[in-house]
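Heads up: the sequence shown is residues 9 to 241, going by this note's numbering. Comments concern the structure below.
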Amino acid sequence: MSSTPAAPLGEPPLTGPKTCDASGMIEIHRMFKATFGDAAGLVDGVREGDAAHAGHVAAQLRLVSAALHAHHEGEDARLWDALESRAPACALHVGRMKQQHAVMLGHLSALDEALPAWQRNADAVSAGPVLSALRGINAALTERLPDEEQNIVPVMEHVLTPKDQDWFARHGRAATPKGQAWNMLGAILRAQPDGGAAWMRKNLPFPARLAWQWVGRPRYARFRAALEGRPVA
Numbered sequence: 009m010s011s012t013p014a015a016p017l018g019e020p021p022l023t024g025p026k027t028c029d030a031s032g033m034i035e036i037h038r039m040f041k042a043t044f045g046d047a048a049g050l051v052d053g054v055r056e057g058d059a060a061h062a063g064h065v066a067a068q069l070r071l072v073s074a075a076l077h078a079h080h081e082g083e084d085a086r087l088w089d090a091l092e093s094r095a096p097a098c099a100l101h102v103g104r105m106k107q108q109h110a111v112m113l114g115h116l117s118a119l120d121e122a123l124p125a126w127q128r129n130a131d132a133v134s135a136g137p138v139l140s141a142l143r144g145i146n147a148a149l150t151e152r153l154p155d156e157e158q159n160i161v162p163v164m165e166h167v168l169t170p171k172d173q174d175w176f177a178r179h180g181r182a183a184t185p186k187g188q189a190w191n192m193l194g195a196i197l198r199a200q201p202d203g204g205a206a207w208m209r210k211n212l213p214f215p216a217r218l219a220w221q222w223v224g225r226p227r228y229a230r231f232r233a234a235l236e237g238r239p240v241a
């Protein structure tokens, strides 16, 4: 689906000093692109009638769906109004982002609705709506994420504050389903170009990095094996 061409950014806000580092937005975008990008392959990899394997894949899809819902809810709650009030030249971009959110919500809702039947049956009929929703999500991500990274993230770095950033980080963490924190962290790290080493140094204190190495990494490896239908060590 085509979108309205992006209008050039106005000046200001990009002439002033940066008020925050918004690179975390791009890092999270990588996770969405990677996890939804390989989701159809995971669904296709479930053998007919293998409800146990379908359950593992469905859990992954629910995890990343919840994360993307929360990501958009956070933007709707705190980002768009801040941009429009602090950087009025960004209003055209904000309007386009809101339209793209509405499209994505339809695809995510379709995925959420289709997962229970596929998890129970693990057959081609019930997989069809899941795969259709995933195609819609990936098409919407392909349109939306580069647009946001080009036209929204640079403005965020000149108008948001560290307090704003902290709110978004807390909001995202709170949306992670209970018992899925290591799997969420693993998905983020797996999507980064260097395997997540720089992300961990930037975002996690040493004790948390140590906990990942000793506890989180082995658990995530078992989770990935179950997702891919490999023997779980």
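Using N, Cα and C, we set each Cβ at its ideal position, and we do this for glycine too.
* L119: first and last residue of the uninterrupted alpha helix (DSSP H) it sits in -> A99 to N129
* Asked: In chain order, which beta strand (DSSP E) runs of at least 3 residues are fully inside the segment 53-104?
  -> none
* Asked: With a Cβ-Cβ cutoff of 9 Å, do I36 and C98 count as a contact?
  -> no
* Would you mind sorting P13 into buried or exposed? The rule is 16 or more other CB atoms within 10 Å of its CB. => Confidence in P13 is poor, its pLDDT being 42 and thus under 50, which makes the residue's placement unreliable; the coordinate value appears in the next sentence. When all chains shown are included, P13 counts as exposed.
* For G57 and A130, believed in contact at Cβ under 8 Å, the rounded distance -> 5 Å
* Among W126, A205 and S31, which one has its Cα closest to the Cα of G63? -> W126
* **Cα-Cα separation between R104 and A74, rounded to whole angstroms** => 22 Å
* Asked: Under 9 Å, do R143 and A234 count as touching if we go by C-beta distance?
  -> no
* Output the residue ranges of the alpha helix (DSSP H) runs that lie fully inside the segment 145-180 and measure 4 residues or longer, sorted by chain position. => 161-167
* **Collapsed DSSP secondary structure at T43 in the structure displayed** => helix
* R70: which of A205, A118 and A219 sits nearest, CA to CA? -> A118
* Asked: Skipping 5 residues on each side, what residues in its chain have a beta carbon closer than 7 Å to that of F44?
  -> V72, L142, I145, N146 and L149
* Nearest-angstrom Cα distance between L168 and D84? -> 15 Å
* **Contact under 9 Å by Cβ, R38 with Q108** => no
* What does a CB cutoff of less than 8 Å around K243 pick up in its chain, not counting 5 residues either side in sequence? -> Residue 243 lies beyond the residue range present for the chain, which begins at 9 and ends at 241; the question has no answer from this structure.
* To do: For the alpha helix (DSSP H) holding P215, just list the boundary residues, first then last.
  => F214 to A219
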